[in-house]
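Note that UniProt numbering has the sequence shown beginning at 1, numbered continuously upward.
Glycine residues also receive a C-beta, built at the ideal position from the N, C-alpha and C atoms.
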Amino acid sequence: MGIRVGIDVGGTFTKAVAIESVSGALVGKVTVPTTHHAAEGVARGLVEAFKSLLQRTGIDVERIELVVLSTTQAVNALLEGDVAPVGVVGIGPEANRKEAFRRTRIDSVQLTPERRLPVFHAFLEVEELSEERIADTLRALVARGARAIAVSAAYGVEDPAPERAVLEVATGLGLPATAGHEMSGLYGLEVRTLTAAVNASILPRMAETTRWVEQSLAESGLQVPLMIMHGDLAVSPLEEARRLAASTILSGPAASVAGALLYHKLLDGLFMEVGGTSTNVGVIRQGRPVMKYVRIMDHPTCLRSVDVRVAGVAGGSLVRLRGRKLAGVGPRSAHIAGLPYPCFVPPEMLSNLRLVTLAPRPGDPEDYAALEDDEGRRYAVTLTDAANALGLVPEGDYARGYQESARRAIAPLGERLGLPVERAAQLIIDQAAREVEPLLRDLVREYHLRRPVLLGLGGGAAVLVPALARRLGVDYQIVPHAEVISSIGVALAPISVEVERSFNPTEPAKLLEWVRELEQVAIRYGADPQTVQVTVEPIPERAAVRLRAAGSCRGTAGSRLGTVDAATARSLAAQALGVRPETLDLAFDNGFYRVFQAEAGWGFGPFRRRCRLAVIDREGAVRFVADDGTYLSGEPQELEQKLRELGHAHARWYAVRPNLLVVQGPRCLNLPDWGPHRFDLSALGLDGAAREQIAVLAGMSLARR
1 MGIRVGIDVG GTFTKAVAIE SVSGALVGKV TVPTTHHAAE GVARGLVEAF KSLLQRTGID
61 VERIELVVLS TTQAVNALLE GDVAPVGVVG IGPEANRKEA FRRTRIDSVQ LTPERRLPVF
121 HAFLEVEELS EERIADTLRA LVARGARAIA VSAAYGVEDP APERAVLEVA TGLGLPATAG
181 HEMSGLYGLE VRTLTAAVNA SILPRMAETT RWVEQSLAES GLQVPLMIMH GDLAVSPLEE
241 ARRLAASTIL SGPAASVAGA LLYHKLLDGL FMEVGGTSTN VGVIRQGRPV MKYVRIMDHP
301 TCLRSVDVRV AGVAGGSLVR LRGRKLAGVG PRSAHIAGLP YPCFVPPEML SNLRLVTLAP
361 RPGDPEDYAA LEDDEGRRYA VTLTDAANAL GLVPEGDYAR GYQESARRAI APLGERLGLP
421 VERAAQLIID QAAREVEPLL RDLVREYHLR RPVLLGLGGG AAVLVPALAR RLGVDYQIVP
481 HAEVISSIGV ALAPISVEVE RSFNPTEPAK LLEWVRELEQ VAIRYGADPQ TVQVTVEPIP
541 ERAAVRLRAA GSCRGTAGSR LGTVDAATAR SLAAQALGVR PETLDLAFDN GFYRVFQAEA
601 GWGFGPFRRR CRLAVIDREG AVRFVADDGT YLSGEPQELE QKLRELGHAH ARWYAVRPNL
661 LVVQGPRCLN LPDWGPHRFD LSALGLDGAA REQIAVLAGM SLARR
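The following block contains the structure:
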């Protein structure tokens, strides 16, 4: 049986797992320190984790079918200022030169409070574009200090040819380059320009890292594709990271929640990934992690990723003192201070411990608590030690240590605070929970969550998640293999790609073109053609649509891991509609999507018999919900007239046009504001070429004329 390998480069540790491709069984796992300070950067630890995994499991490298990575490289580059100065080439028509010049001009980009990205600007009129003129402009930017190029043209979404011309010349000159149309298909010249500039600045470092990883793994005998996860859960060949480096920002949290949802199917909930140095929190809605556009400082971008809030408190966070009082927990950790956790040291090796304070890094306040023995050996005092001292960490958990060692570590702190060991340990946990709690409450309010389940992820989940769940008054679950859940998430994620496009509903044929194009991209990336699902979602506030294609890796199409059975799908649909599962009828099931319906009372006019509808995909995500809807199914030629009649009746009785969901095979198209004149299945490629049944759902508004 084939093996899939997932490797996640975290801020503290790099974790690798080996998983059987079809069954999903965990074959082995390893953890090594993340190599921030190695000459090769975090790539060194990534390769070490892979080699260690092979050695520990004894897996023949020829059994490996796929290796998928998630990495902090893009984030590290931005935070540490490891970026290349960028030359921005703005392009626009002569008639709008002044406006296009202004909207593409960037003087610099604030990456962190202390670091800025240098940017140099040049402008070309589209009428004067020539290879020679472009080359001269690029050479002039290099002379000013640029080491990477971003090109952004007015109307580049509609006609990317001018941007492509600059990319071609830049490649010929050996310059890494990014175009605005590569970053987004949405209108918004300023945002595309800034996003392209940020992406271009990371390209040299990302290219160096990925080449070193590819070469090192190939030397280990690996001859299979290397893939990478992006912050929006897309998985693509590693070479895409050399083109769209910035899209890998927050790929670690994306990987974690992807792994968690393999084991726990939730409709709405919170997730909390507790690492060694920081904790990531986010939201699951409609069975999917909530996404947002990334902001870099105050700058909006067109990069989508999992919406994650970060707290500087985690399992390895150090205790801080102010006199005889506890001043806080974190943000520095045992890893940053270079100190071991005493709870993982056998009790007989801990004696005569005394409390000292230190500064973990130069410039830090000297108020972080540590322990020192008679031999001068020093140990951290962490949140994990406090939890173990109280016996809160279950047997077999990654964070489980020696309770006696933990009590010996907390005792000197308790003496300083004038408290017994138990009270001192509980005080540490309460303080840590208070520092994370506001983030979770903000998410509950922002997303209107009602009693969400809290999913615990990460190696420190058992240390902090139960305390937060008690404070919030919610249930919690700690996922299996929580310490390597991000690596499991990348290993088992489907091959996928996502794009956004500005869309005019009067041109449905354009939508079909994009759907087919995305299907081919997913197949080219390595997805099994028989498993590729395409979903289309409206973005009404941007007059756009979001398309996503996802499919199983070739050779694993028979795997059912991560898919939901009919009972689970029914339960999720019932939660989405607020009804009991037994009141739902399964109206449609084609292996990719299930449609559930329930009668919901009486309405008006021809729609007197109201119907509640929910569509659940095979992974357990909710694709469509309507409190008052209409469901039709049949072969394409049967539906055309029914749809027209439905559209005209709806236009007569209701003020708002329905959202229309069309399902055929693996395609799921959510079409907003779809009036009666637009019920044209043939324009969507659903004209009977395939003899499959089509399901059509229309979500009805109660606003009457």
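Determine the burial state of residue i: buried for a count of at least 16 other Cβ atoms within 10 Å of its Cβ, exposed for fewer.
i: F607; result: Annotation note: pLDDT 49 at F607 (below 50); position unreliable, coordinate value reported separately. Classification of F607: buried, given that the 10 Å Cβ count is 16 or more.
i: H677; result: At H677, the pLDDT of 45 sits below 50, so the modelled position is not reliable and the matter cannot be decided from this model.
i: A140; result: exposed
i: R570; result: buried
i: M229; result: buried
i: S23; result: exposed
i: D107; result: exposed
i: G473; result: exposed
i: P394; result: exposed
i: P538; result: buried
i: T248; result: buried
i: K29; result: buried
i: G578; result: exposed
i: E565; result: Just to set this straight, residue 565 is Asp in the shown sequence, not Glu. Exposed, because fewer than 16 other Cβ atoms sit within 10 Å of the Cβ of D565.
i: D628; result: buried
i: G269; result: buried
i: Q641; result: exposed
i: H335; result: buried
i: H37; result: exposed
Taking Cβ to Cβ, would you say residue i is nearer than 8 Å to residue j?
i: P85; j: R147; result: yes
i: H264; j: L455; result: yes
i: A100; j: A154; result: yes
i: P160; j: L203; result: no
i: G45; j: V9; result: yes
i: A614; j: F596; result: yes
i: E348; j: L358; result: no
i: A245; j: M206; result: yes
i: I364; j: R324; result: In the sequence under discussion, the amino acid at residue 364 is Asp, which differs from the Ile named in the question. No; because the gap between Cβ atoms is not below 8 Å, this pair is not in contact.
i: A260; j: I485; result: yes
i: R164; j: C302; result: no
i: V294; j: F271; result: no
i: P412; j: L449; result: no
i: E182; j: R133; result: no
i: G562; j: E619; result: yes
i: G275; j: G458; result: yes
i: G282; j: L266; result: no
i: E498; j: L547; result: yes
Start and end of the alpha helix (DSSP H) containing residue i?
i: I3; result: I3 -> not in any alpha helix (DSSP H); beta strand (DSSP E) instead, spanning 3–9.
i: V444; result: 421–446
i: V201; result: At residue 201 the sequence reads Ser, which differs from the Val that was named. It spans 189–219 - the alpha helix (DSSP H) in which S201 sits, taken as one unbroken run.
i: E415; result: 403–417
i: P466; result: 461–472
Output needed for residue i: all residues of its chain with C-beta closer than 8 Å, excluding positions within five of it in sequence on either side, in chain order.
i: A409; result: P342, C343, L350, L353, L371, Y379, V381, D385, A389
i: T14; result: I7, D8, T31, V32, P33, T34, T35, V42, G45, L46, E48, A49
i: D585; result: F596, Q597, A598
Could you give the first and the last residue of the continuous beta strand (DSSP E) run that contains residue i?
i: G629; result: 629–634
i: L669; result: 667–671
i: M291; result: 291–296
i: A154; result: First-last for A154: undefined, no H or E at that position.
i: T357; result: 354–358
i: E182; result: Taken as a continuous stretch (DSSP letters only), E182 belongs to no beta strand (DSSP E), being part of the alpha helix (DSSP H) at 180–183.
i: D589; result: 585–589
Identify, in the order they occur along the chain, each residue of the same chain with its Cβ nearer than 6 Å to the Cβ of residue i, setting aside the five sequence neighbours on each side.
i: E48; result: V32
i: A695; result: F588, V595, S633, V663
i: R407; result: A389, V421
i: R612; result: L577, A598, A600, D627
i: V290; result: V283, D307
Can you give me the Cβ contacts of residue i inside the same chain, cut-off strictly under 7 Å, excluding the 5 residues immediately before and after it?
i: L339; result: A370, R378, Y379, A380
i: V61; result: L54, S220, G221, L222
i: E20; result: M1, I3, V27
i: A170; result: L138, I149, A177
i: P118; result: P85, S108, G145
Task: Runs of beta strand (DSSP E) lying entirely within the stretch 489–569, each at least 3 residues, in chain order - done: 495–502, 533–539, 544–551
Open item on the list: Restricting to runs no shorter than 3 residues, where is the beta strand (DSSP E) found entirely within the stretch 48–134?
Closed with: 64–70, 86–92, 108–110, 116–125
Open item on the list: Please give the ranges of any beta strand (DSSP E) in the stretch 300–340, keeping only runs that are unbroken, at least 3 residues long and fully inside the region.
Closed with: 309–311, 317–322, 325–333
Task: Entirely enclosed beta strand (DSSP E) segments - the stretch 218–249, minimum 3 residues - done: 226–229, 235–237
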